[in-house]
Each structure stands twice: as C-alpha cells, then as structure tokens.
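Participant: Questions regarding the structure given below will be posed in turn.
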Ligand SMILES: Nc1nc(=O)c2c([nH]1)NC[C@@H]1CN(c3ccc(C(=O)N[C@@H](CCC(=O)O)C(=O)O)cc3)C=[N+]21
C-alpha cells in the first residue's frame, strides 16, 4: 500500500478562497495585527507569509516590528492599546519572545476575544472543558485536514506526540471532542514506538527531525507531521521519516506543504470568526 498524500497547500488555498468570499460580503474588512519583537529571520518569514495571505483574502493586516530591546512593560502597553482599539479584530504576538520578556504575562494580556492564536488561558481552558472558542491554529488546521481527507476520527485510536500548549495539548483536546480515543505521548513516554504502532491517527509535534520511523506506522494509519525542522543543508524536514512511512501509511502529510499552510489559513479563519463575534455578525464558527 502507498499512502494518499494530503495536500495542505490545496486545502489551505480552498479555505482562504472561502474566507475571501465571506469577507467580500461583509461591510468591513477584519483586521489582524501581528507584533514581532526582535529580528529573528525565521519569524520574519512566517510573518511576511501571514501578511500576504491575509491581504490576498481581503483582511487588513498590519505587522508591527518592535526592537529586540523592547521592554515587557512597553509590549504590554502596546497590547493594551490594541485591546482597546475597536478597529482591531485579531492580535498575534509572534513566539518565541526575547528571553527578558515573560511569555505568560504577554499571552495573559491579550483580550481573549481578539486572541486569534487561542493561547490565552481563558481560551485554552474553554477548549479543555469542551467549549472551544478561539482554538490554536495548528491543531484546528489538522482537524480540517482530517475532515477534508475523509479520515474517520470518531472511535479511532489517536496518538499525539508532544504536549506543548501550542500544538499537542489542544490537538489531544480536539481529537477527544471529535470522539477519538487519545493518547498524549511525549519525551518521557516509555515505549514511544509501541504507542505509535497502535495509532490509527498519529499526530507528531515533537520538534525532532525523523523521530517517527517507518516501522512505527501501523498499516493504513493516518500520519500528520507537524514538525518543521530546518536541516543543516537548508532543507525543511518533518518529525516523520517520510520516505519510510509512505509505504505503511494510509494517509500522510508532507513537509513542507502539509500542516504549515493550514496554520496560516486557520489563523485567518480565526480572525474572521473573532471579527464576526466582536462586531455582532454571527457567532464564532467551528
Ligand atoms: N504566536 C505565534 N503563532 C504562530 O502560529 C506561530 C508563532 N507564534 N511562531 C512561529 C510558529 C511557526 N508557524 C508557522 C506557520 C506556517 C508555516 C508554513 O506555512 N510553513 C510552510 C513552509 C514555509 C517555509 O518554506 O519555510 C510549509 O510547511 O509548507 C510554518 C510555521 C507559526 N507559528
């Protein structure tokens, strides 16, 4: 058997087209503001791609570049001003932040109604208790990919590798809400290969290139690779040994061109949902 390759770029493009059509019928352009602190070149690329995708879909998108020396107090003051600005629908503070700034203090300061990353503790808590509001973009994008590819989720055994607040934890929550039976594995899991071999859906967000080997993949399983690792030779690699996994899997996502584009498209979907909810034109849609 060889896997069906899930084309994240194509699914993301369709989602963005749908959003563009919706925005064209609104009396306003939803506005996203991205705060980028410091000059990490990798972050700068993501932010540029977000800006481009947002504008093409009819959003107003602004990126504020703040110097690496910006104090935590100054960043919090900027967030407070954006919270109070009625024109602003979504606020994203690009992570990671410089070490002198406490990430938690920053995430706590964003108005939960404008928290299009879904990282505020209120939004994380709502998801944890099964009342999803603004949901983190990467795991939500993965759920869209599963639905679009026709992967059965209800009743399936799912294994998620990685317990970050950004991907693994919310991924486990979303799969549980969709009636999968979920194992949340991580760096201290005793026998990771054995856990993986039981998975019908395997979501890998470990940040370790090539961690998942071909013989860890059950025949016909759906393998979702969230890893984006820049190799020494400049190429991108996922957390899954792709060529090895391909003959075992039923479905697989490539890197690049899999989950990454869905993260950005879902960010736009969240921004539109936040705009509708804030401006009283429809509630936040799943
Ligand atoms: N507050 C915050 N929210 C984020 O969502 C966030 C963040 N901080 N910090 C950085 C990470 C990383 N991230 C990516 C999004 C899309 C691609 C993406 O589209 N990748 C392309 C490849 C891009 C390339 O070639 O480099 C792909 O996988 O096909 C990658 C990475 C969002 N992040």
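Numbering (full-length UniProt numbering), first residue to last: 1 to 286.
Positions of the beta carbon are idealized from the N, C-alpha and C atoms, including for glycine.
How about residue 229: is its Cβ closer than 7 Å to a heavy atom in ligand 1?
Facilitator: Taking the chain shown and counting its residues from 1, one reaches residue 229 at position 229. Result no, Cβ not under 7 Å from ligand 1.
Participant: Less than 8 Å separating the beta-carbons of residue 241 and residue 214?
Facilitator: In the chain shown, the residue the question calls residue 241 occupies position 241. In the chain shown, the residue the question calls residue 214 occupies position 214. Cβ atoms of residue 241 and residue 214: closer than 8 Å.
Participant: The beta strand (DSSP E) that contains residue 90, what's its start and end?
Facilitator: Walking along the chain shown from the start, residue 90 turns up at place 90. Where residue 90 is concerned, the enclosing beta strand (DSSP E) stretches over 90-93.
Participant: Since residue 239 and residue 207 should fall inside the 8 Å C-beta cutoff, what is the C-beta to C-beta distance between them, to a whole number of angstroms?
Facilitator: One-based indexing of the chain shown puts residue 239 at position 239. One-based indexing of the chain shown puts residue 207 at position 207. Confirmed, about 7 Å.
Participant: So, for residue 3: in the same chain, excluding its five sequence neighbours on each side, which residues have a beta-carbon less than 7 Å away from its beta-carbon?
Facilitator: Residue mapping note: residue 3 aligns to position 3 of the chain shown, counting from 1. Excluding positions up to five away in sequence, the list reads 246, 249, 250, 251, 252.
Participant: Bridge partners of residue 229, per DSSP?
Facilitator: As a position in the chain shown, residue 229 is number 229, starting the count at 1. Residue 229 pairs with 237.
Participant: So what does residue 157 bridge to, in DSSP terms?
Facilitator: Looking up residue 157 in the chain shown gives position 157. In DSSP, residue 157 forms a bridge with 181.
Participant: Classify residue 119 as buried or exposed, calling it buried when 16 or more other Cβ atoms lie within 10 Å of its own Cβ.
Facilitator: Position 119 of the chain shown, counted from the start, is the residue given in the question as residue 119. So residue 119 ends up on the buried side.
Participant: May I have the straight-line CA-CA distance separating residue 73 from residue 64, to the nearest angstrom?
Facilitator: Residue mapping note: residue 73 aligns to position 73 of the chain shown, counting from 1. Residue mapping note: residue 64 aligns to position 64 of the chain shown, counting from 1. So the two alpha carbons sit approximately 16 Å from each other.
Participant: Between the C-alpha atoms of residue 152 and residue 209, what's the straight-line distance to the nearest angstrom?
Facilitator: The residue you call residue 152 lines up with position 152 of the chain shown. The residue you call residue 209 lines up with position 209 of the chain shown. Each residue's Cα considered, the two are about 27 Å apart.
Participant: Is it the case that the CB of residue 110 approaches a heavy atom of ligand 1 more closely than 7 Å?
Facilitator: Here the question's residue 110 lines up with position 110 in the chain shown. No - ligand 1 has no heavy atom lying nearer than 7 Å to the Cβ of residue 110.
Participant: May I have the straight-line CA-CA distance separating residue 102 from residue 159, to the nearest angstrom?
Facilitator: Locating residue 102 in the chain shown gives position 102, counting from the first residue. Locating residue 159 in the chain shown gives position 159, counting from the first residue. Whole-angstrom Cα-Cα distance: 31 Å.
Participant: How is the alpha helix (DSSP H) around residue 61 delimited, first residue to last?
Facilitator: Here residue 61 refers to the residue found at position 61 when the chain shown is read from its first residue. Here residue 61 belongs to no alpha helix (DSSP H); instead the beta strand (DSSP E) covers 60-66.
Participant: Report yes if the C-beta of residue 45 is less than 7 Å from at least one heavy atom of ligand 1; otherwise report no.
Facilitator: Residue 45 sits at position 45 when you count from the first residue of the chain shown. Answer for residue 45: yes, Cβ within range of ligand 1.
Participant: What separation, rounded to the nearest whole angstrom, lies between the Cα atoms of residue 94 and residue 217?
Facilitator: Numbered from its first residue, the chain shown carries residue 94 at position 94. Numbered from its first residue, the chain shown carries residue 217 at position 217. Straight-line Cα distance between these residues: approximately 33 Å.
Participant: Output the distance between the C-alpha atoms of residue 137 and residue 145, rounded to the nearest integer angstrom.
Facilitator: Here residue 137 corresponds to residue number 137 of the chain shown, with the count starting at 1. Here residue 145 corresponds to residue number 145 of the chain shown, with the count starting at 1. Cα to Cα, residue 137 sits roughly 12 Å from residue 145.
Participant: Kindly indicate which residue of 154, 255, 11 has the alpha-carbon position closest to the one of residue 174.
Facilitator: For this step, residue 174 is matched to residue 174 along the chain shown. The option with the nearest alpha carbon to residue 174 is 154.
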